[in-house]
């Protein structure tokens, strides 16, 4: 800081997101008030987005070790062993607040950031999935849903633009529409990559005297304050235009060059360590590399390639400009590194040095402008104990009714298929390239999980899921249900879970009722992952997702990766074999509380969900998985939102074949047809295969594949009620349900 320039004040610190007590602690760590550069860096690294100061203690309770785990939490991405000397790197992250402010760039740069996390550990990205949440399409705000359409169109376009341009397929995902996401949409992106096990790289800076090299795009003012001012505070609804400068701008073509350059640098053994620049830019990447390696780092901002003239040192350090990487290089290899950057037309510059001081020093053309202990910056942010308290009254209003009372099963089924949360996502996923790289075995709407071929003939399966309404009704059991849903999706294609990632999207944790939601959800996440032996290998926490109208539904998004030995036997969800028997597998105990039908009827959320027998559900998963692997089943689909009737309709539509189903009248209730629970599957196959499956799990044969309609026969003695819905009606309702809102 130039001599004579006034130091920032407490008010400046509060404006940057620090509390008064935190500012006093910073002054103590610095032995006096911090200057402008130092305050900016502390405000970012001590933000919720970077420090996880309200969630880190909870995250320490999660299972992170297991038979297949190669790299767990703490690196850019986690990784699991998938056989044949290969590992799968994967992670999910959020870009919620940027997407609520500027949906196209917010979503696009979210994809760019998660891809960098994958190749930062030396893996080539092979797939992207997305998990999205928006307000109701027919918005209650009086704009007819215009804001929701704007956010959805922008986010989907941004995801497609980035993934399609860089050549990474978007193979799956999910989207829900609920009123609590009206002001604060959620955009979570998950990516996977493959690497040779011995070629993974970590991010710890080592070797005093080694050179710090920044390579990739030049640095500008976009993204300044993104991690603290934007991502670690509530969105107020007004003044969002003022936050647009904190949203980064992405360039997938620049990232493609960066990807290839990074992987070749690693392949040639030229790097000591590698780290992407995401939230907090150079501040976070350099400081965290120093902390992990227990070293110091000096950076001279005058050496950083800029695309905007006159940037202040603090602006250079906190810029979140995209498509940049930071690496540690031995001096003798610096020339080779810069030469390779030039080959890939990627700008590279030596901007600093590894030291043995354990201090983060910032210089400007040799003049010291910032000097901080690495431990203070990265490790000494105060961690807060939550004060959870279950709310005494409901937090969320009942939804508006969309279905008249007393309608029959025919009309109810069509209404559910046409509802925004259950309708076909084809209008959205057709904007994505799902088959680039030629690994995709099962595309969206073909199977419950995405399936990607491996070189040895096996395959990876991946699923992403989370139902905020069910978690809002019961954070503990709702989160368990989300984890089980992912595992069930994998079982349907014959895959065994290897590891899990998660994105915890919640409101303001300083409020007791939000702290209770978060605490209970993490408890459920841990219990479910331990039971499945699918440990957490990494993830993300996104808090303060609320605005003037209140908090979002608590939304833990779960991503799970599994492996199956034979890609050719990955089952689809569609009824594909005429004459095959249809069976209900598992202990099926559906309930209407928090279901899609409850929502259509405008019913409030229940206070709690039914307890799940984890051991029984997991045993059913294993039975279905093994039957699929053996090639014994023609189709497999888990029963989820909309219940049994909707699952039957989805199987008919995916296989372009009807079905005749017979149920005793005692089971032909609204709850049995449309209620929801965990642990049940709908499968089809030969009679002998279903008998064999019945030796390991409860199996009830309920019908036969064939015809041009879904027919439900509800028998009571000699009386039979028949509900027949032609495939054309099912298809029209399902196809037009979302398209009518988003033409």
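Residue numbers (my numbering): 476 to 1218. For each residue, glycine too, the CB sits at the ideal point set by N, CA and C. Every value quoted in this text rests on a predicted model; they were computed, and no experiment measured them.
Task: Three-state secondary structure (DSSP) of residue 1056 - done: strand
- [ ] Using a threshold of 8 Å, state whether the C-beta atoms of residue 979 and residue 959 are closer than that.
- [x] no
Open item on the list: I need the straight-line Cα distance from residue 1207 to residue 1053, nearest angstrom please.
Closed with: 23 Å
- [ ] Mind reading off the beta-carbon distance from residue 558 to residue 1038? Whole number of angstroms is fine, and I expect it under 8 Å.
- [x] 7 Å
- [ ] Would you decide whether residue 494 is buried or exposed? Buried here means 16 or more other CB atoms lie within 10 Å of its CB.
- [x] exposed
Open item on the list: Given this structure, state the Cα-to-Cα distance separating residue 874 from residue 532, to the nearest angstrom.
Closed with: 35 Å
Open item on the list: Suppose you measure from the CA of residue 491 to the CA of residue 1115; what does that come to, to the nearest Å?
Closed with: 44 Å
Open item on the list: On the criterion of 16 or more Cβ atoms from any shown chain inside 10 Å, does residue 1140 qualify as buried, or is it exposed?
Closed with: exposed
Open item on the list: Does residue 529 come out as helix, strand or coil in the three-state DSSP assignment?
Closed with: coil
- [ ] Can you tell me which of the three DSSP states residue 1169 falls into?
- [x] coil
Open item on the list: Do residue 1066 and residue 1168 have their beta-carbon atoms positioned less than 8 Å apart in this structure?
Closed with: no
Task: Beta-carbon contacts of residue 1083 that lie in its chain and below 6 Å, excluding the five residues immediately before and after - done: 949
Open item on the list: Among 1128, 1188, 1212, 1091, whose alpha-carbon lies nearest the alpha-carbon of residue 1171?
Closed with: 1091
- [ ] Return yes when the Cβ of residue 1177 is within less than 8 Å of the Cβ of residue 1093, no when it is not.
- [x] no
Open item on the list: Please give me, in chain order, every unbroken run of the beta strand (DSSP E) with length at least 3 that falls completely inside the segment 1124-1207.
Closed with: 1134-1139, 1156-1160, 1174-1180, 1184-1191, 1194-1201
TODO: Measure the C-alpha to C-alpha separation of residue 987 and residue 927 and round it to an integer number of angstroms.
DONE: 42 Å
TODO: Go to residue 1112, then tell me how far its beta strand (DSSP E) extends in each direction, as first and last residue.
DONE: 1108-1113
TODO: Go through its chain and collect everything with a Cβ distance to residue 520's Cβ below 8 Å, but skip five positions before and after it.
DONE: 526, 755, 758, 759, 762, 852, 853, 856
Open item on the list: Tell me the DSSP secondary structure of residue 516 in three-state form.
Closed with: helix
TODO: State the DSSP-derived secondary structure class of residue 910, mapped to helix, strand or coil.
DONE: coil
TODO: Using a threshold of 8 Å, state whether the C-beta atoms of residue 551 and residue 592 are closer than that.
DONE: yes
Open item on the list: Determine whether the beta carbon atoms of residue 828 and residue 686 lie at a separation below 8 Å.
Closed with: yes
Task: Three-state secondary structure assigned by DSSP to residue 577 - done: coil
- [ ] State the beta-bridge partners of residue 668 as determined by DSSP.
- [x] 564, 600
TODO: Give every residue of the same chain whose Cβ lies closer than 8 Å to the Cβ of residue 1131, excluding the five residues on either side of it in the sequence, and list them in chain order.
DONE: 1049, 1202
Task: Cβ-Cβ distance between residue 1046 and residue 922 below 8 Å - done: yes
TODO: Can you say whether residue 1088 is buried or exposed, counting buried as having 16 or more other CB atoms within 10 angstroms of its CB?
DONE: exposed
Task: Through-space distance from residue 981 to residue 1021, alpha-carbon basis - done: 8 Å
TODO: Report the partner residues of residue 838 according to the DSSP bridge assignment.
DONE: 775, 843
Open item on the list: Given this structure, state the Cα-to-Cα distance separating residue 673 from residue 542, to the nearest angstrom.
Closed with: 17 Å
TODO: Return the chain-ordered ranges of every beta strand (DSSP E) run that is complete within the segment 856-918 and spans a minimum of 3 residues.
DONE: 915-917
Open item on the list: Can you confirm whether the segment 804-821 touches the segment 864-884 when touching is taken to mean that 3 or more C-beta pairs between the two stretches lie within less than 8 Å?
Closed with: no
- [ ] Give me the Cβ distance between residue 1182 and residue 1110, rounded to the nearest whole Å; I'm assuming they're in contact under 8 Å.
- [x] With 8 Å as the limit, residue 1182 and residue 1110 do not qualify as a contact, their Cβ atoms being about 16 Å apart.
Open item on the list: Suppose the cutoff is 6 Å on Cβ atoms and the five residues either side in sequence are ignored; what does the same chain contact list for residue 1187 look like?
Closed with: 1136, 1198
Task: Under the three-state DSSP convention, the category residue 495 falls into - done: helix
- [ ] Using only alpha-carbon positions, find the residue among 975, 1086, 810, 836 that is nearest to residue 539.
- [x] 975
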